């Protein structure tokens, strides 16, 4: 998009540290400056004159020069359309819907594992080739594409498009004749279209929660990618034992069908999409960019999103170290899927359904870790200010901070607290 367009001068929103477009963009808001100047010159004005001023102002907005969509902003810090000002119920509905969607997506990885023994026995394939269905699903790394697409088209359209398409490929696996040359490509494509939810979900949470609340919502969201693979062997084990290997795919289809209506009812959270829709309702003319400019913008966004993480992985040691650490954790988790089957079915001679129950221990450990993190976060990282603490000044609220806060300054906090915070973050 053209970069020579200038931003509208405006006030600052202390909640989101963004610029505010004057409320005169609303066609229902009168031009207060004109009214004040008129009243000062005539002494008083009638209601008819006020209405004529308002109508003239609205005509200027709808019939004047189109506005750059990037210049649109909230009406003020208390704008009800701002996701940060939504009710707690609306915020948590959106958060939990995104979390359960990620749960469904990650269930698809380990649900398939329960079908491997029957595939090996019935279709005479090696166990290594049969387990490749798990690998191919995990190789569907389209998260780096889903994130930039959500910045252009919004969060909700990505959800509504990716999940149904992924479910179609999952259905194809269940309806296949069991040949691995069919199952493996379908598993890969199912993972490609399912994975964007993992990256878009975090953006959804950042859209609606303030800085001191993001960690709580993100804790429950991050649990989903871990709980999905843990719950899947428990459900799929009993289902495949009683009904056959295809039910490992039908379970994911049922779960996707259950979450889809909640996604359809979920509100859009991306700021730009909300403001553009509101501008159309207010009959505000928006500047339209050529298709070439839109394609170039999308290409640049996708390119930066794909290449910048790779560059940071190479040049930023902390990114490299934590990437290896997270990869190691997931390697251990998915290694359990193969090891547990060998141990509990081979050594302890458990049935397919019963052999999935040991995964409950991993789930319990995940919940204990989540509650421990929430305790540390609320106790030390974002503690409640003591009674009588002075609120932050306007300058402090709008300036960039390097240490967390919960809307107030604690005068009793010593200099060692930031050091303790960093230690706890590393733990």
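Numbering (this note's numbering), first residue to last: 245 to 671.
Glycine included, C-beta positions come from ideal geometry on N, C-alpha and C.
Keep in mind that this is a model prediction, so the values were computed, not measured.
Roughly how many whole angstroms lie between the Cα atoms of residue i and residue j?
i	j	result
residue 617	residue 450	19 Å
residue 590	residue 599	10 Å
residue 507	residue 585	35 Å
residue 714	residue 412	Summary: the structure shown does not reach residue 714, with the chain confined to residues 245 through 671, and so no result is reported for it.
residue 613	residue 430	35 Å
residue 393	residue 401	9 Å
residue 444	residue 332	21 Å
residue 595	residue 469	26 Å
residue 603	residue 492	17 Å
residue 505	residue 630	43 Å
residue 329	residue 369	56 Å
residue 422	residue 541	43 Å
residue 453	residue 573	28 Å
residue 500	residue 576	27 Å
residue 391	residue 552	13 Å
residue 367	residue 587	24 Å
residue 325	residue 529	20 Å
residue 415	residue 395	30 Å
residue 560	residue 569	14 Å
residue 478	residue 628	40 Å
residue 538	residue 403	22 Å
residue 373	residue 521	49 Å
residue 558	residue 309	46 Å
Opposite residue i in the DSSP bridges: which residues?
i	result
residue 507	Note: residue 507 sits in no beta bridge, so no partner.
residue 311	530
Specify the secondary structure class of residue i as computed by DSSP and reduced to three states.
i	result
residue 587	helix
residue 472	helix
residue 528	coil
residue 416	helix
residue 326	coil
residue 622	helix
residue 440	helix
residue 432	helix
residue 634	coil
residue 317	coil
residue 371	helix
residue 410	helix
Keeping to the same chain, check which residues put their C-beta closer than 7 Å to that of residue i; ignore five residues upstream and five downstream.
i	result
residue 489	359, 362, 363
residue 481	358, 596, 597, 599, 600
residue 398	512, 514, 517
residue 523	316, 530
Suppose the cutoff is 6 Å on Cβ atoms and the five residues either side in sequence are ignored; what does the same chain contact list for residue i look like?
i	result
residue 337	none
residue 349	438, 441
residue 473	350, 353, 354
residue 388	549, 550
residue 519	316
residue 502	none
residue 424	369, 373
Shorter than 6 Å, the distance from the beta carbon of residue i to the closest heavy atom of the ligand GTP, or not?
i	result
residue 549	Within the structure as shown, the ligand GTP is missing, as the structure has no ligands at all.
Checking contacts by CB at 7 Å: is residue i closer than that to chain B?
i	result
residue 423	No chain B appears in this structure, which consists of one protein chain only.
Is it true that the CB of residue j sits closer than 7 Å to the CB of residue i?
i	j	result
residue 380	residue 428	yes
residue 312	residue 531	yes
residue 382	residue 406	no
residue 463	residue 327	no
residue 546	residue 556	no
residue 410	residue 434	yes
residue 436	residue 377	no
residue 456	residue 626	yes
Can you name, in chain order, every residue of its own chain whose Cβ lies under 8 Å from the Cβ of residue i, other than the five neighbours on each side?
i	result
residue 465	339, 342, 343, 346, 445, 446, 449
residue 607	471, 474, 475
residue 371	360, 364
residue 496	348, 351, 352, 355, 411, 414
residue 582	357, 375
residue 467	343, 610, 611, 614
residue 498	none
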